[in-house]
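With our numbering applied, the sequence shown corresponds to residues 3 to 153, in that order.
Even glycine gets a Cβ: it sits at the ideal position worked out from N, Cα and C.
Note that the structure is predicted; figures quoted are calculated from it, not measured.
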Amino acid sequence: MADPCEVWFYHLERTSLDQALPELLEKTLARGWKAIVRATGPQRVEHLDGWLWAYRDESFLPHAPADEPGAARQPILLTTSDENLNAADALFLVDGAEPGELGDYTRCVVLFDGGDEEALATARRQWKSVKAKGLPASYWKQQARGWEKQA
Numbered sequence: 003m004a005d006p007c008e009v010w011f012y013h014l015e016r017t018s019l020d021q022a023l024p025e026l027l028e029k030t031l032a033r034g035w036k037a038i039v040r041a042t043g044p045q046r047v048e049h050l051d052g053w054l055w056a057y058r059d060e061s062f063l064p065h066a067p068a069d070e071p072g073a074a075r076q077p078i079l080l081t082t083s084d085e086n087l088n089a090a091d092a093l094f095l096v097d098g099a100e101p102g103e104l105g106d107y108t109r110c111v112v113l114f115d116g117g118d119e120e121a122l123a124t125a126r127r128q129w130k131s132v133k134a135k136g137l138p139a140s141y142w143k144q145q146a147r148g149w150e151k152q153a
C-alpha cells in the first residue's frame, strides 16, 4: 500500500501567492515531480497561466491550463477540476480550493493568505478535515528567511 498523502499548509504572511507559488513549483519540478495547481475559478487559472510565464526573466516553469491540448503531458497543470490529468505527484490548492480525494498524490500543499479571515477559516476547516481522515499534516509559517515548520 502506498504511503498516505502528506498535506502541508503554507500560511502566507510576508509574500503573496504570486511570489510564493513559483518557488514551490520550482522545488517540486526539481524533485522530478509533476504538479497540479487547483484554483476555485477560471479567472485565477488565467491569471496564473500568464504569471508563470513572466514572473522572473531567468526562469521558466513549463505549464498549461487543463483545457488545452496535451494537458496530460504538462509538468504543471492549472485547473479548477478534481481530475489528476497529468498524473501529478503534488497538488497545490489556492483560493480555498478543496482537496477532494488525495489518494493519487504524494503531497498536497494548501496555500492561504494569513491576512484574509475567510481564507484562515477555510484553512482551519481543511486542517480539521485532513486530521480527521488520519492524513499526515504539517503547518508551515513564513519567517523572515523562508518557511518554518510549526506543527
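G148 Cβ short of 7 angstroms to the ligand NAP heavy atom set: Ligands in the displayed structure: none, and consequently the ligand NAP is not present.
Is G148 helix, strand or coil when you go by DSSP? Translated into positions along the sequence shown, residue 148 becomes position 146. Reduced to three states, the DSSP call for G148 is strand.
Given L137, which residues of its chain have a CB within under 8 angstroms of its CB, disregarding the five upstream and five downstream residues? Walking along the sequence shown from the start, residue 137 turns up at place 135. Correct list, in chain order: P6, C7, E8, V9, L104.
Would you kindly check if the distance between the Cβ of I78 and the Cβ of V39 is under 8 angstroms? Sequence index remark: in the sequence shown, residue 39 carries index 37 (1-based). Sequence index remark: in the sequence shown, residue 78 carries index 76 (1-based). Contact: yes.
Relative to the C-alpha of L31, which residue among S61, Q45, F11 is closest? Against the sequence shown, residue 31 aligns to sequence position 29. The option with the nearest alpha carbon to L31 is S61.
Using the three-state DSSP reduction, which class does T108 fall into: helix, strand or coil? The count along the sequence shown starts at 1 and reaches residue 108 at position 106. Here T108 sits in coil by DSSP.
Can you tell me whether V39 is helix, strand or coil according to DSSP? Within the sequence shown, residue 39 is the residue found at index 37, counting from 1. The answer is strand: DSSP assigns V39 an E or B state.
When the Cβ atoms of the region 54 to 73 are set against those of the region 116 to 125, are three or more pairs found closer than 8 angstroms? no
Which residue wins for smallest C-alpha separation from G34, given the options L87, D91, K133? The residue you call residue 34 lines up with position 32 of the sequence shown. Closest option to G34, Cα to Cα, is D91.
Between which two residues does the alpha helix (DSSP H) holding L54 run? Within the sequence shown, the letter at position 52 stands for residue 54. 44 to 56 is the span of the alpha helix (DSSP H), which, as asked, contains L54.
Go through its chain and collect everything with a Cβ distance to Q152's Cβ below 6 angstroms, but skip five positions before and after it. To locate residue 152, count along the sequence shown from 1; it is residue 150. Once the five neighbours on either side are set aside, the close Cβ partners of Q152 are Y141, K143.
Status (buried if at least 16 other CB within 10 Å, exposed otherwise) for A139: Along the sequence shown, read from residue 1 onward, the residue named residue 139 stands at position 137. Per the 10 Å Cβ criterion, buried.
Could you check the C-alpha separation between L14 and P71 for me, to the nearest Å? Within the sequence shown, residue 14 is the residue found at index 12, counting from 1. Within the sequence shown, residue 71 is the residue found at index 69, counting from 1. About 33 angstroms.
Quick one: Cα of G116 to Cα of F11, how far? Along the sequence shown, one-based indexing puts residue 116 at 114. Along the sequence shown, one-based indexing puts residue 11 at 9. If I take the Cα positions, the gap works out to 11 angstroms.
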